[in-house]
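**Student:**
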Amino acid sequence: MQLLRSRKVVAVFGISTLFVSLIGLFMYPSQAALSEGFRTPVIAFEFAQSTEDLKFLTGNEEVTKKLRSEMRVGQKLDIFFPFLYAGFMFFLVFSEIKKINPFTWLGFVISIIIVPCDLYENYIMDQILFRLDRLEDFRDLLSHLEVATWWKWGAIAIVMFVLSSIYFSTKQWFNGMISFFPGVAIFCTWISGSNGYVAEVMMIFVSFFFIYFGIRSFILYRKFETT
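For the sequence shown, UniProt numbering begins at 1 and goes up steadily by one.
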């Protein structure tokens, strides 16, 4: 019964994460003239390191004002999203462990830390959008954005590595690789200095992680429910 309840919680968080992610695809801007390598506007925003990187959001033209408006709408959705995907990762770790040890505690704690890190990143992004609306200088916020972004992504990578070690230790090799490679991709993006090409590849790995484990969590719950 306890296993069924834990599977249900994981499934609820997993499917909710996928559902909100799908909504986000229609709320955030889908295309813009971005810096080299970037294809996704919100990713280009997160990893911006210079005013040139945010040129697609800068100015008083109708197209840039529309992009800022769409970005702000997406940011409103992102107020709730960290609680869902971080909660999903938290309960995913919980559902897979055989016993609690200091290493699994690391997964629990870092999963929780993801939330304030993501919310802080959202706050900095909102402040940049506010200054862009007023045509004010925002360069001093770029260093804060970089710190916030890498706190968040670093925390996500750590939880993925914890999950991969849990799966590898129980010989669930495929699940381990699905957890391990997104963490490596995040690390590579950091090493590359937030290169656009690497960041977009990273997002493919991360997206597949959540799609795979979100669907898997629902299938496992239905399987345990019917047995």
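The C-beta atom is built at its ideal place from N, Cα and C for all residues, glycine as well. Quick caveat: nothing in here was measured; it's all calculated off a predicted structure.
P102: which of I166, V12 and R134 sits nearest, CA to CA?
**Tutor:** P102 has its Cα closest to that of I166, out of I166, V12 and R134.
**Student:** Give me the Cβ distance between A155 and I110, rounded to the nearest whole Å; I'm assuming they're in contact under 8 angstroms.
**Tutor:** 5 angstroms
**Student:** Since L145 is in the alpha helix (DSSP H), which residue starts that stretch and which ends it?
**Tutor:** R139 to S169
**Student:** Less than 9 angstroms separating the beta-carbons of E46 and T149?
**Tutor:** yes
**Student:** Helix, strand or coil, according to DSSP, for I97 in the structure here?
**Tutor:** coil
**Student:** Could you check where the alpha helix (DSSP H) with K66 kicks off and where it finishes?
**Tutor:** Per DSSP, K66 belongs to the alpha helix (DSSP H) from E62 to L77.
**Student:** Hey, out of A11, I204, K152 and Q127, whose CA is closest to F94's CA?
**Tutor:** A11
**Student:** Just mark M1 as buried or exposed, buried being the case when its beta carbon has 16 or more other beta carbons within 10 Å.
**Tutor:** Residue placement at M1 is poorly supported in this model, since its pLDDT is 47, which falls under 50; the coordinates still yield a value, given next. Classification for M1: exposed.
**Student:** Pick helix, strand or coil for G107, following the three-state DSSP scheme.
**Tutor:** In the structure shown, G107 sits in a helix (DSSP, three-state: H, G or I).
**Student:** Hey, V159 and G107 are a contact pair by Cβ (cut 8 angstroms); roughly how many whole angstroms apart?
**Tutor:** 5 angstroms
**Student:** Quick check: A86 and V115, are their CB atoms within less than 9 angstroms of each other?
**Tutor:** yes
**Student:** Run the CB neighbour count on E52, radius 10 Å, all protein chains shown included, and call it buried at 16 or more, exposed below.
**Tutor:** exposed
**Student:** Pull up the distance between the alpha-carbon of F56 and that of I219, whole angstroms please.
**Tutor:** 41 angstroms
**Student:** Would you kindly report the start and end of the unbroken alpha helix (DSSP H) that includes A48?
**Tutor:** Segment: none, A48 is in no alpha helix (DSSP H) and carries neither H nor E.
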